[in-house]
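Read left to right, the sequence shown gives residues 633 to 802 (this note's numbering).
All C-beta atoms, glycine included, are put in the ideal place defined by N, C-alpha and C.
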Amino acid sequence: TDYFLLNCGSTSNSTSNDGRNWENDSKFSLPDMRNTSFQSTASKQDPSVEIVPYMTARIFHNQFTYSFPVSPGQKFVRLYFYPVSYSVGLDITRSYFSVTANSFTLLSNFSAYLNVIGTSSPLANREFIINVLQTDERLNITFIPSPSSYAFINGIEVISMPNNLYTDHT
Numbered sequence: 633t634d635y636f637l638l639n640c641g642s643t644s645n646s647t648s649n650d651g652r653n654w655e656n657d658s659k660f661s662l663p664d665m666r667n668t669s670f671q672s673t674a675s676k677q678d679p680s681v682e683i684v685p686y687m688t689a690r691i692f693h694n695q696f697t698y699s700f701p702v703s704p705g706q707k708f709v710r711l712y713f714y715p716v717s718y719s720v721g722l723d724i725t726r727s728y729f730s731v732t733a734n735s736f737t738l739l740s741n742f743s744a745y746l747n748v749i750g751t752s753s754p755l756a757n758r759e760f761i762i763n764v765l766q767t768d769e770r771l772n773i774t775f776i777p778s779p780s781s782y783a784f785i786n787g788i789e790v791i792s793m794p795n796n797l798y799t800d801h802t
């Protein structure tokens, strides 16, 4: 029932090579998004990297939250990271941050850059399953930069999962 694809940092909606439609991230963030974050474009494109959702990013120097109106149940959450330098001149090797979803810590002192060193892929995607219990609950995904650092995200995917696909609540 819930299906969200955010192309973070993009100024318009776009379609990825696989035909999926990605929204820009403005309607899922706080009203003062322009004061707490900025959008940027990747400085280079590896031939294996798709334009959507990887070539734009939302960058944060302070805590920043995306808020999704979701129905109760399990949600599949995928975070997309393309750790390269961005047009704002920030050093990607100095990007460390944590990510929470409601009361759960998904990533702690995470470096997307360190996660791709020595691998065959320039991308660092992370996947999670979050259980939303309440009817009126929102799924809040918060990025928290480490001290003297910054956080970034290229894309966020949130999709409802069938009940009891991975866990049995009976």
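Each residue's CA atom was taken as its position, placing Gln-677 and Phe-784 some 17 Å apart. Taking all protein chains shown into account, Lys-707 has 16 or more neighbouring C-beta atoms within 10 Å of its C-beta and is therefore buried. With contacts defined as CB atoms closer than 7 Å, Val-731 and Ala-674 fail to qualify as a contacting pair.
Going by C-alpha positions, Val-720 is about 7 Å away from Ser-672.
Every beta strand (DSSP E) of 3 residues or more that sits fully in the stretch 653-694 is shown, in chain order, as 653-656, 669-673, 688-692.
In the three-state scheme derived from DSSP, where H, G and I count as helix and E and B as strand, Ile-791 is classed as strand.
With a beta-carbon spacing of about 28 Å, Val-684 and Ser-740 fall beyond the 8 Å limit used to define contacts. If you compare the alpha carbons of Arg-652, Ser-648, Asn-667, Cys-640 with that of Ser-658, the shortest gap goes to Cys-640. Looking at Ile-761, Asn-656, Asn-747, the one whose alpha-carbon comes closest to that of Thr-725 is Asn-747. Nearest C-alpha to Ser-680 among Asn-667, Asn-649, Asn-694: Asn-649. Residue pairing by DSSP places Ala-756 opposite no residue, since no beta bridge is assigned to it.
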